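Peer 1: Before I ask anything, let me first share the structure, which is written out below as structure tokens.
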Amino acid sequence: MKILLTNTGPWGTGSFTVARALLEEYLHMGHEAKLFFPDSKEPSNDLDYYYSHPELFEIWHLPIEKGELRLDSFPLMIPDPHPRNPIGKTYKELTEKELYFYFEAFRNRISKVIETFKPDIIECQHIWAYDHIIDDLGYPFIAAAHHSDQMGYRFDPRMRPIAKKSAHDAKFIFALSEENKREILELYGVAANKVIILENGYDRKMFHPFPVNKEELFEAHDLKIPKEAFLVTFAGKLSKTKGIDTLLQANALIPEKEKIHFLVLGAGNLKEALKGASPDSYSTKQVHFLDHLMPKKVAEFHNASDITVMPSRTEGFGLSCLEAMGCGLPAIVTRCGGPEHYAVGEIIEKENPEALAKALLKMKRLPHNAYKALSNQAIETAHHYSWTSNAKKRLHYYQKVIDETSKLKNVS
22 MKILLTNTGP
32 WGTGSFTVAR
42 ALLEEYLHMG
52 HEAKLFFPDS
62 KEPSNDLDYY
72 YSHPELFEIW
82 HLPIEKGELR
92 LDSFPLMIPD
102 PHPRNPIGKT
112 YKELTEKELY
122 FYFEAFRNRI
132 SKVIETFKPD
142 IIECQHIWAY
152 DHIIDDLGYP
162 FIAAAHHSDQ
172 MGYRFDPRMR
182 PIAKKSAHDA
192 KFIFALSEEN
202 KREILELYGV
212 AANKVIILEN
222 GYDRKMFHPF
232 PVNKEELFEA
242 HDLKIPKEAF
252 LVTFAGKLSK
262 TKGIDTLLQA
272 NALIPEKEKI
282 HFLVLGAGNL
292 KEALKGASPD
302 SYSTKQVHFL
312 DHLMPKKVAE
322 FHNASDITVM
332 PSRTEGFGLS
342 CLEAMGCGLP
352 AIVTRCGGPE
362 HYAVGEIIEK
372 ENPEALAKAL
382 LKMKRLPHNA
392 YKALSNQAIE
402 TAHHYSWTSN
412 AKKRLHYYQK
422 VIDETSKLKN
432 VS
């Protein structure tokens, strides 16, 4: 089977992690597969990898321009930072001319990709604009929701008719959870039997327990952390959506003598995330900002740490929490629509720094045997989520669409 995956942006987000994992699974199973995405070639440690594998990644290069129109990077569905889009312009902020210029440029680029690759099936990450254009070109597709696209639907009234048409045109829609399925049915008004729940998997070859030389790791990243520190990872964008402000407010409530240090593994605009918060309400002491890291390095920091936190305001699934659990980290998560359904550790209410501080201290003071039991349970729970199983289920629906399309062609 020839499978084309599309994503609205490049690496650095959960949706891309999903698409890349599926790409690798399909290739391992003997299928032909490619992943299409836009990128503006911002410098990063992993840039060379993506640009040196044209057989895997079909990259639509930006900026694009025509006459007085110019777009330097891909637009965002919501005003949440993307590590590869420092400009951070949303679809909502584009002028009418810019929006349709972007759509037309995508149409031209994806047409060439499809004509050259000749996929049997196309899966679009996000119920958004790419799907609509692909359908308009006459190609059947399946859409995969990631919750951020449902947030985009609520945020951007101009895009609603396009996103709604994409949902109705899709042969199937993959949802992350029961909650995600409910919001899809509510927002787009599609038939319930069209929406298939497929929970995410994670990369077990990457995110698993392994020994780490903390001293060397910290020295390589210029981190001054005492040996006896209790280490907490936060793997996510620096945004209000991900709750970085809640984390820093909780930190302000914890005495420094507790020696709880936070390793923040993600990029974003901290100033924007803290907008509206009084300076004395949060603290960055004992917080180490490490920017966007490659997955291997994220796994190293998880394995050097004691627990992970996901204080998000909203999540579709919370893949980074599952990855940390795969490394043996118990988790503190909020009731935000995703991780509370599988997390092993503490579940708290969102936007509650006091509850987060209390949970952090509770986890730090766990007896060794109790902590070890939680760590083992985290690994065991994570092992229930497999990309191989997820990919096999997707292939079943791909085949249904291919068979249906073939029948229609034979009839006509």
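If you count the sequence shown from 1, you need to add 21 to reach the working numbering.
Note that beta-carbon positions come from the ideal geometry of N, C-alpha and C, so glycine has one too.
This one's a predicted model, so the numbers in the text were calculated from it and none came from an experiment.
Alpha carbon to alpha carbon, what distance is there between E425 and S407?
Peer 2: If I take the Cα positions, the gap works out to 28 Å.
Peer 1: To the nearest angstrom, report how far apart I328 and D224 are at their CA atoms.
Peer 2: Straight-line Cα distance between these residues: approximately 19 Å.
Peer 1: So which of K413, G347, R41, E125 has the shortest CA-CA distance to H323?
Peer 2: Here the closest residue by C-alpha is G347.
Peer 1: Below 6 Å CB to CB, which residues in the same chain sit around E200 once its five sequence neighbours on both sides are set aside?
Peer 2: Hits under 6 Å: G358.
Peer 1: What would DSSP say about Q171, mapped onto helix, strand or coil?
Peer 2: Residue state, collapsed to three classes: helix.
Peer 1: From D170, T254, M331, pick the residue whose C-alpha is nearest to that of W149; which is it?
Peer 2: That would be D170, whose Cα lies nearest to the Cα of W149.
Peer 1: Are there three or more Cβ pairs, one per stretch, closer than 8 Å when the region 255–263 is compared with the region 285–297?
Peer 2: With the cut-off at 8 Å, the region 255–263 and the region 285–297 touch.
Peer 1: With the cut-off set at 9 Å, would you say L343 and M50 are in Cβ contact?
Peer 2: The answer is no: Cβ separation not under 9 Å.
Peer 1: Out of Y209, E401, Y151, which one is the CA nearest neighbour of N28?
Peer 2: Of the listed residues, the one whose Cα sits closest to N28 is Y151.
Peer 1: From D266 to D141, what does the alpha carbon distance come to, in whole angstroms?
Peer 2: Answer to the nearest angstrom: the Cα atoms are 45 Å apart.
Peer 1: For L120 and A271, which I take to be in contact (beta-carbon distance under 8 Å), what is that distance rounded to the nearest angstrom?
Peer 2: So it is not a contact: roughly 40 Å between Cβ atoms.
Peer 1: If you reduce the DSSP assignment to three classes, tell me which class T1 lands in.
Peer 2: As shown, the chain starts at 22 and ends at 433. That puts residue 1 outside it, with no answer to give.
Peer 1: Roughly how many angstroms separate the alpha carbons of A325 and V39, rounded to a whole number?
Peer 2: Cα to Cα, the separation comes out at about 25 Å.
Peer 1: Residues in the same chain with beta-carbon distance under 8 Å from S198, minus the five sequence neighbours each way, listed in chain order, please.
Peer 2: The residues are I218, E220, G337, F338, G358, G359, H362.
Peer 1: Output the residue ranges of the alpha helix (DSSP H) runs that lie fully inside the region 296–326 and measure 4 residues or longer, sorted by chain position.
Peer 2: If we require 4 residues or more, the alpha helix (DSSP H) runs fully inside the region 296–326 come out as 316–324.
Peer 1: In terms of residues, what are the limits of the beta strand (DSSP E) holding D424?
Peer 2: Careful: D424 lies outside any beta strand (DSSP E), inside the alpha helix (DSSP H) at 408–432.
Peer 1: Per DSSP, V330 forms a beta bridge with which residues?
Peer 2: For V330, which the question treats as bridged, DSSP gives the partners I353.
Peer 1: In the DSSP assignment, find the unbroken beta strand (DSSP E) run with T252 in it and report its ends.
Peer 2: According to the sequence as given, residue 252 is Leu; it is not Thr. Segment 251–256, the beta strand (DSSP E) holding L252.
Peer 1: Can you check DSSP and say which residues form a bridge with H405?
Peer 2: H405 is not bridged to any residue.
Peer 1: For F127, collect the residues of the same chain with a Cβ closer than 7 Å to its Cβ; drop the 5 residues on either side in sequence, then sort them by chain order.
Peer 2: Excluding residues within five positions, the ones whose Cβ falls inside 7 Å are Y151, I154.
Peer 1: What residues are listed by DSSP as bridge partners for E367?
Peer 2: Bridge partners of E367: I353.
Peer 1: In terms of alpha-carbon separation, which member of L350, K428, N431 lies closest to A21?
Peer 2: The structure shown does not extend to residue 21, since the chain is modelled only from 22 to 433, so the question has no answer here.
Peer 1: Would you kindly check if the distance between the Cβ of I24 and the Cβ of A54 is under 9 Å?
Peer 2: Result yes, Cβ atoms of A54 and I24 sit closer than 9 Å.
Peer 1: Consult DSSP for I85 and reduce its assignment to one of helix, strand or coil.
Peer 2: Three-state result, I85: strand.
Peer 1: Can G33 and H103 be called in contact, C-beta distance under 9 Å?
Peer 2: The answer is yes: Cβ separation under 9 Å.
Peer 1: Given a threshold of 16 other Cβ atoms within 10 Å of its Cβ, counted over all protein chains shown, does T116 qualify as buried or as exposed?
Peer 2: Exposed: under 16 other Cβ atoms inside 10 Å.
Peer 1: Go ahead and pull the three-state DSSP assignment for F338.
Peer 2: DSSP places F338 in coil when its eight states are reduced to three.
Peer 1: With C-beta atoms as the reference, is I163 less than 9 Å away from I143?
Peer 2: It is a contact, given that the beta carbons lie within the stated cut-off.
Peer 1: Just tell me which of H167, K202, G366 has its CA closest to the CA of H147.
Peer 2: Ranking H167, K202, G366 by Cα distance to H147 puts H167 first.
Peer 1: In or out: D243 buried (at least 16 other Cβ within 10 Å) or exposed?
Peer 2: By the 10 Å Cβ count, D243 comes out exposed.
Peer 1: Tell me the residue span of the beta strand (DSSP E) that contains F195.
Peer 2: Its beta strand (DSSP E) spans residues 194–196.
Peer 1: Y70: buried (16+ other C-beta within 10 angstroms of its C-beta) or exposed?
Peer 2: Exposed: under 16 other Cβ atoms inside 10 Å.
Peer 1: How many angstroms separate the CA atom of F251 from the CA atom of M180?
Peer 2: Rounded to whole angstroms, F251 to M180 spans 45 Å at the Cα level.
Peer 1: To the nearest angstrom, how far is the alpha carbon of K133 from that of L90?
Peer 2: When rounded, the distance between both Cα atoms is 22 Å.
Peer 1: Tell me whether G4 sits in a helix, a strand or coil according to DSSP, three-state version.
Peer 2: Residue 4 is absent from the structure shown; the chain starts at 22 and stops at 433.
Peer 1: For V216 versus A241, is the C-beta spacing smaller than 9 Å?
Peer 2: No, Cβ-Cβ distance for V216 and A241 is not below 9 Å.
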